[in-house]
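Reading through the structure tokens given below for one structure.
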Amino acid sequence: GGGGYGRQRQMRRVDPQASAAMIRQLKDLPPLTTAVYRGGTYVVKNYPVTSFLYLLGMVLMMFATGMTVSEQAHEDYARLLESSEAETSALESAQMRHAQASQAYQSSRGFLGFGCNKQCQVYKAKFDKTERELKTARNAQYAALSEAKSKVGVFSMYAVQEARDLFWGTFAAGKGFAKRASMWDLLFMGIGSMGRDENMLAFVFRFAAQLLMNFTMGLIGALVAFVWYLWGLVRSYQPDPVTAVISFVLFTVAATSMVATYLFALYGTAGSAVYIMARTVAANMRIEGGEGGPQAPQGHIGGGAGGYGYGAGAAGGADDEGELRIGRPVRIRGLLSAQEYNGLRGRITGMEGDRYLVHLETGKDLKVRANNIDTHIE
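Using the numbering used here, the letters of the sequence shown correspond one by one to residues 0 to 377.
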């Protein structure tokens with residue numbers, strides 16, 4: 000009973016050498032803003048073309064609204080667009096007939112759709128006929144709209160707005176997919192965690208990783224869908240081949256930059272949280288664990304029977320390396336704004352951020368930096 004519990008507790012202890020190695024790797028991490036600046040500088044220097052295309056895409060996405068067309072072009076566009084209403088009405092009628100024929104055909108099929116009797120063959124013939132009519136109506140409407148669009152051009156404000164609408168439509172569909180997938184993942188992960196020995200922090204990290212994966216797949220899929228439909232949009236304005244390729248590339252770069260920005264924000268938020276946690280853990284381990292060294296008792300300093308023991312006996316209770324840990328006797332030094340505390344003795348009781356909490360022998364509690372602490376007490 001008791002011996003088995005002791006052995007289990009001993010197995011869960013952190014190896015001091017591994018702890019010291021982890022601290023050495025983490026303690027020199029720069030502040031988050033410095034790390035972001037260094038990372039951005041590295042990317043710009045080593046990938047200048049990619050960086051330029053990304054910035055170009057963001058500029059286009061934020062500021063490009065398209066060229067203003069002439070008054071004559073606007074009138075021609077409006078007139079031809081109005082004249083295409085007949086083709087649009089014909090397309091809507093063809094879509095309705097096709098939907099009715101499809102429903103009748105699917106209902107007449109045998110079990111699981113594997114059989115088709117005479118009545119089913121009649122419905123199938125009607126379905127095929129409406130499908131051909133629908134294709135003809137679509138081509139007629141496309142030609143009518145394309146003639147109107149050719150009057151304004153692929154770089155006009157009409158084309159740019161249509162490309163924006165297409166992008167944001169596919170973008171919303173991608174986010175919707177990610178949200179639905181994440182909802183189901185949360186449900187099944189919660190059910191699966193009931194039988195696991197898993198704490199809340201591990202569950203949150205696991206769900207966050209799955210959330211990032213879902214949004215990555217959803218937004219990349221949205222970008223692929225946008226590019227797939229984009230070429231048809233460009234062709235509908237009847238540009239020459241060179242203009243068509245240039246406009247297609249610019250629209251694609253803008254859409255890719257926007258998707259990349261959204262993903263950067265998601266991964267950056269998650270990465271920043273992990274980075275800050277790593278620096279905090281390293282700082283706490285450095286003060287509490289002494290980089291693998293022996294840990295002093297937290298309720299007493301020195302070798303006396305009680306009290307603080309700020310004399311030579313207290314100094315003998317610490318190691319010779321001058322490390323900072325809870326319970327270590329120290330002396331305050333180098334304070335400029337509160338010089339009255341310089342020279343007073345106390346002990347370390349904790350840490351907040353990058354400052355150490357020191358309880359002075361006078362009963363005062365201070366928050367000071369490491370360079371304001373002297374561990375060499377005679």
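Backbone N, C-alpha and C fix where the C-beta goes; we use that ideal spot for every residue, glycine too.
Leaving out the 5 sequence neighbours to the left and right, which residues in its chain are closer than 6 angstroms to residue i when beta-carbon positions are compared?
i      : result
Gly305 : Bear in mind that a pLDDT of 40 at Gly305, under 50, signals an unreliable position, so the model cannot answer this.
Leu79  : Glu146 and Ala147
Gly298 : Confidence at Gly298 is low in this model, with a pLDDT of 41, below 50, so its placement is unreliable and no value can be given for it.
Tyr122 : Ala103, Tyr104 and Ser107
Leu210 : Ser181
Could you name the residues of the same chain whose beta carbon sits closer than 7 angstroms to that of residue i, not counting the 5 residues immediately before and after it, in chain order?
i      : result
Ser256 : Tyr53, Gly56, Met57 and Met60
Lys117 : none
Taking the continuous beta strand (DSSP E) assigned at residue i, which residues delimit it?
i      : result
Ile376 : Taken as a continuous stretch (DSSP letters only), Ile376 belongs to no beta strand (DSSP E), as it is neither H nor E.
Asp364 : Asp364 to Val367
Gly345 : Arg344 to Glu351
Val58  : No beta strand (DSSP E) contains Val58, which is instead part of the alpha helix (DSSP H) from Pro47 to Phe62.
Tyr355 : Arg354 to Leu359
Could you pull out every residue in the same chain whose Cβ sits closer than 8 angstroms to the Cβ of residue i, ignoring the five residues on either side in sequence?
i      : result
Ala243 : Val153, Val233 and Arg234
Val151 : Val68, Ala72, His73, Tyr76, Tyr157, Ala158 and Tyr236
Tyr228 : Leu165 and Thr169
Ala162 : Leu229, Leu232 and Phe250
Ala89  : Ala136, Ala139 and Gln140
Alpha carbon to alpha carbon, how far is residue i from residue j?
i      : j      : result
Asp318 : Ala208 : The predicted model places Asp318 with a pLDDT of 42, which falls under 50 and marks its position as unreliable; any figure quoted below should be read in that light. Near 42 angstroms, if we compare the C-alpha coordinates of Ala208 and Asp318.
Thr33  : Ile219 : 30 angstroms
Asp127 : Phe250 : 37 angstroms
Val241 : Glu84  : 31 angstroms
Cys119 : Lys125 : 10 angstroms
Arg327 : Met276 : 25 angstroms
Leu144 : Gly231 : 12 angstroms
Leu222 : Ala253 : 11 angstroms
Met182 : Phe206 : 10 angstroms
Pro238 : Ala139 : 19 angstroms
Val280 : Ala172 : 39 angstroms
Phe247 : Ala63  : 14 angstroms
Phe225 : Ala369 : 55 angstroms
Asn213 : Gly39  : 25 angstroms
Gly303 : Gly345 : Because the pLDDT at Gly303 is just 39, under 50, the model does not fix this residue reliably, and the value given afterwards should be weighed accordingly. Between Gly303 and Gly345, the C-alpha separation is close to 15 angstroms.
Ends of the alpha helix (DSSP H) at residue i?
i      : result
Tyr104 : Glu84 to Ser107
Arg163 : Met156 to Gly191
Arg330 : Counting along the chain, Arg330 falls outside any alpha helix (DSSP H), though it belongs to the beta strand (DSSP E) covering Pro328 to Ile331.
Val153 : First-last for Val153: undefined, no H or E at that position.
Gln118 : Lys117 to Lys148
Open item on the list: Does the segment 254–274 come into contact with the segment 43–58, if we say contact requires no fewer than three beta-carbon pairs (one atom in each stretch) closer than 8 angstroms?
Closed with: yes
TODO: Evaluate contact between the segment 265–275 and the segment 172–187, counting only Cβ atoms and requiring at least three cross-stretch pairs below 8 angstroms.
DONE: no
Open item on the list: Quick test of the definition: if touching needs 3 or more C-beta pairs under 8 angstroms, does the segment 331–343 touch the segment 352–362?
Closed with: Yes: at least three Cβ pairs fall under 8 angstroms.
Open item on the list: Three or more C-beta pairs under 8 angstroms: does that hold for the segment 62–70 against the segment 153–173?
Closed with: yes
Open item on the list: Using a Cβ distance threshold of 8 angstroms, determine whether the segment 34–47 contacts the segment 96–103, with at least three qualifying pairs required.
Closed with: no
Task: Minimum length 3: unbroken beta strand (DSSP E) runs contained in the segment 203–260 - done: none
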